Each structure stands twice: as C-alpha cells, then as structure tokens.
Amino acid sequence: MSLLKTGFVRGVKWFLLFGLLATHQWWNGNMEGVHSMLVYGGMAFFLGVTSIIYDMSRWSFPKQILIHWATMHVTILPLVIFSGFLPVASLQDALSVYLKFNVSGLILFSSSYVIQKARRQAKTL
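To convert a position in the sequence shown, counted from 1, into our numbering, add 1459.
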C-alpha cells in the first residue's frame, strides 16, 4: 500500500503544479491555456502514479515495460486523443495519433533508460 501512496503523492504534486499554471492562464483570460494545462496536469498525474511500476523490484524488467506500455494506453492515450491537440477526424488520423504516441513513447523510454543506466554506472565509479 505504501508504494501506491507514493505514486499517488507523486501524481498529485505534478497535477498541482499544472493546476497553478492553469490558474495563471485563467487569471490572464486564456481559456485555451487553462485547457492545455489541465490536460498536461492529467498526463503528469498519471505518469506520477504509474512511475511506481519501476519500483516493483519483484517484477522483471520486461514485465515492467509491458505493464507501463499498457497503462499508458489506458491513461495517457485517451487524454491525447480527447484533448484536441491532434486532430482525429478519421480512422487514418486515429492510426497516425496511435503511431506518434508509440514512437514518442519509445523515444522517451529509450532516452530515460540510457540516462538511468549511465547514472548507475557513474555511481559505481
């Protein structure tokens, strides 16, 4: 239960940051900015909550990756689709968004994996 609480706290912290940014946009009369900050806040919340996947030491790394990939499809992808940031007016548009989502996820995952591995190696020196 403690791990779930940790993830929830991480997510709430990030959401609050974007909530402050949304409030700033609201004060400036920028309702589109409010919408964007709330969508980004939702994404940050889910990323914070699901970050605990990689703290599950009893799970193998491939299992962590698979669960992370599936979780992102249930949490972040719907936010991307329904946010209106990318047009989805046809099946081709939806497939394009899905491909972009997976490619960007692969790039972000690979980059963070390489950075994490380099940091671990630097600690052992």
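Just so it is clear, CB atoms sit at the ideal spot from N, CA and C, and this is done for glycine as well. As the structure is a prediction and not an experimental result, all values here were calculated from the model.
TODO: Look at L1538 and V1556 and say whether their C-beta atoms are less than 7 Å apart.
DONE: Residue 1538 sits at position 79 when you count from the first residue of the sequence shown. Residue 1556 sits at position 97 when you count from the first residue of the sequence shown. With respect to V1556, L1538 sits apart: the two C-beta atoms are not nearer than 7 Å.
- [ ] Assuming L1476 and I1511 form a contact by the criterion Cβ under 8 Å, report the distance between their Cβ atoms to the nearest whole angstrom.
- [x] Position 17 of the sequence shown, counted from the start, is the residue given in the question as residue 1476. Position 52 of the sequence shown, counted from the start, is the residue given in the question as residue 1511. Their Cβ separation, rounded to whole angstroms, is 19 Å, which puts L1476 and I1511 out of contact at 8 Å.
TODO: Verify whether the separation of the beta carbon atoms of M1502 and A1481 is less than 7 Å.
DONE: Reading the sequence shown from its first residue, position 43 is the one you call residue 1502. Reading the sequence shown from its first residue, position 22 is the one you call residue 1481. Taking 7 Å as the Cβ cut-off, M1502 and A1481 do not qualify as a contacting pair.
Task: Cβ-Cβ distance between G1470 and G1507 below 7 Å - done: Taking the first residue of the sequence shown as 1, we reach residue 1470 at position 11. Taking the first residue of the sequence shown as 1, we reach residue 1507 at position 48. Judged by beta-carbon spacing, G1507 lies within the 7 Å limit of G1470, meaning their Cβ atoms are closer than that value.
- [ ] Report, in whole angstroms, the separation of the C-beta atoms of F1504 and I1535, which I expect to be a contact under 8 Å.
- [x] Along the sequence shown, one-based indexing puts residue 1504 at 45. Along the sequence shown, one-based indexing puts residue 1535 at 76. So it is not a contact: roughly 10 Å between Cβ atoms.
- [ ] Count the other CB atoms, across all protein chains shown, that sit within 10 Å of the CB of F1520; report buried if there are 16 or more and exposed otherwise.
- [x] Locating residue 1520 in the sequence shown gives position 61, counting from the first residue. Classification of F1520: exposed, given that the 10 Å Cβ count is below 16.
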